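For what it's worth, this note's numbering labels the leading residue of the sequence shown as 915, then goes sequentially. Built from N, CA and C at the ideal position, the CB exists for glycine as well. The structure displayed is predicted, hence computed values, not measured ones. One structure below.
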Amino acid sequence: MDGSGIVTFDSVPDGDVINFGIGQPSPDLLPVKLIQEATADFLEKAHPLELNYGERQGDSRFRQSLADFLSRHYETPVTAESLIVSGGNSQALDFVCSQFSQPGDTIFIEEPSYFLAHRIFADHGLNVVGIPMDRDGMRMDVLEEQLERHRPALLYTIPSYHNPCGVTLNAERRRQLARLSREHDFVVVADEVYQLLHYYDTPPPLAMGTLLDEGKVLSLGSFSKIMAPGLRLGWIQGSKSLMERILACGVVNSGGSFNHFTSQVMRHALDLGLQQAMVDHLRAAYRRRVDAMDDTLREEIGEAARWDKPLGGYFFWLQLREGANTMQLKEQATKHGTGLQPGPIFSHENGFPNFIRLSFAHYRRDQIRDGVKRLGALLR
Ligand SMILES: Cc1ncc(COP(=O)(O)O)c(C=O)c1O
C-alpha cells in the first residue's frame, strides 16, 4: 500500500522510507491525463472490429506509427514488418527464451546483469555464462574466448545505460556482437529498454535494432520506461527470418497480438505526438534528478564511494570500500529510512559484494537529497 491506502505495487516502501532500490517511475511522472486523451481519441473513432482479435504480429497501423517514431530516433529506417507487439520486455524475454532455446542450452549474459532476468533464464533451465564488462560495455575479448568453449543459443545484453551499472556498449562492439552472432550462430537479445532515455548532449550509439542485417539480432523495446509500466506494452524487432520463426508459434496464432487494446491506445498517443512529448518531458525531469543525486552523493558520500555519473537510464552504480558488505548495508539502510539494491543480486555468481545500485527514477529531487543524506550517515 502507498500512503493513500491504495494498493500500488509489490515491495512499495513503508511510510517515509526513501528507497533507491525501486527502479520505477515516481507517481508524478505517470501520465494519467495523456493516457486519458489517447484512449478517448481511440474510443471516439474506434470501429467495433478494433475490439476483435488483432493481427498476430500486432495491429499494422500501430506498428507503422511505432516504426515511424523509431525511425526518427534510430536515424535509420525501421519497417512495420520488422516489429511484433509484445507485453513489455519481461514478457518478450521469456517468449524469446521459449522460441529460441531448449532447457540445458547456454546463454551468455553481462556480469552483472538485470537481476529479474536471471529468474527468467532459470525458468527456462538455461546454463548462464557471465561475460565481464568495462566502461564500454561487454568485454569482447572475453566473449571471443568464451565462444571457443561454449556454443550459446542466446546472448542477452542491455546495450544502453545498463541495469545495474549504467554503462553503454560502444558502437564498434555493437557491430562486433552482430558479426559474432552470425559467425557463431547465436541470437543476440538486446534489451533496449533505456535506449531513448539519454539526458545530456550525446545520445548513445545507434540501437542494436539498426543492425538486423548484420547479425542474428532481436531488439526488445518497451513503453514501460518511456510512457508507463502499467501499459505492459512493448515490441520485438527482428529480421524477416527470425520474425517468421516467431510468428509460426502457437500462442500468437491462437490469441492474436499480445496486447491489442493497449497498442490501439498507443497508436493514438504516437499519432497525436504525445509519446514524443512524454520522452522530452522525461529526459528533462530525469536529468534534473541525476544532477541532484550526483551533487548530493559528492557532498554526503564523497570519498567513501566511486561512481560514474550516468548519462541516461535509471541507475547509479557505486563501488564502496573493499570488504564492504552491501547485503548487510541494505538492512541497515532500511532502518535508517532509505534503501538500495546490493551488488550480489545482479551477479549470477554472487559477485560485486561492495557495489550498490541506486535508482533516481522513483523520487523527486528534494526526496533524493534527503535519502542520500540518510545513506551518507551510514557510509561515512
Ligand atoms: C533491463 C530491463 N529490462 C526489462 C525491464 C522490465 O521491462 P518491462 O516493464 O517492459 O517488462 C526492466 C525494468 O526495470 C529493465 O531494467
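| field | Any heavy atom of ligand 1 nearer than 6 Å to the CB - residues listed | value | 937, 1002, 1003, 1004, 1028, 1072, 1077, 1105, 1107, 1136, 1138, 1143, 1148
| said: Taking only three categories from DSSP, how would you classify residue 1144? | reply: helix
| query | Can the beta-carbon of residue 977 be found less than 9 Å from the beta-carbon of residue 994? | reply | yes
| said: Rounded to whole angstroms, what is the Cα-Cα separation between residue 1288 and residue 1224? | reply: 21 Å
| field | Sub-9 Å separation of residue 1010 and residue 1131 beta-carbons | value | no
| Coarse secondary structure for residue 1235, derived from DSSP in three states | coil
| Is residue 1070 helix, strand or coil by DSSP? | strand
| message | For residue 915 and residue 1057, what's the separation of their Cα atoms in angstroms? | response | In this prediction, residue 915 has a pLDDT of 43, which is less than 50 and means its spatial position is unreliable; what the coordinates show is noted afterwards. Those two C-alpha atoms are separated by around 44 Å.
| For the beta strand (DSSP E) that residue 1271 lies in, which residues bound it at each end? | 1269–1273
| said: Closer than 8 Å to a non-hydrogen atom of ligand 3 - does that hold for the CB of residue 1146? | reply: Judged by which ligands are present, ligand 3 is missing from the structure shown, whose ligands are ligand 1.
| field | Alpha-carbon spacing of residue 910 relative to residue 1128, whole angstroms | value | Because residue 910 is not part of the residues shown, which for the chain are 915 to 1294, the question remains open.
| said: When you compare the CB positions of residue 1274 and residue 1207, do they come within less than 9 Å of one another, or not? | reply: yes
| So is residue 1036 buried or exposed if we call it buried at 16+ other beta carbons inside 10 Å? | exposed
| Which listed residue (1053, 1065, 1059) has its alpha carbon closest to that of residue 1041 | 1065
| Of the choices 996, 926, 1072, 998, whose alpha-carbon is the least far from that of residue 1022? | 1072
| field | For residue 1022, the first and last residue of its enclosing beta strand (DSSP E) | value | 1020–1025
| task | Check each candidate in 1136, 1254, 1144, 1061 and name the one with the smallest Cα separation from residue 1097. | result | 1061
| message | I'd like to know whether the C-beta atoms of residue 1044 and residue 1213 end up nearer to each other than 9 Å. | response | no
| field | residue 996: first and last residue of the uninterrupted beta strand (DSSP E) it sits in | value | Neither: residue 996 is in no beta strand (DSSP E) and is coded neither H nor E.
| request: Assuming residue 1126 and residue 1148 form a contact by the criterion Cβ under 8 Å, report the distance between their Cβ atoms to the nearest whole angstrom. | output: Residue 1126 to residue 1148, Cβ: 17 Å. No contact.
| query | Out of curiosity, what's the CA-to-CA distance linking residue 1047 and residue 1159? | reply | 31 Å
| query | Which value, in whole angstroms, describes the spacing of the CA atoms of residue 1203 and residue 1016? | reply | 42 Å
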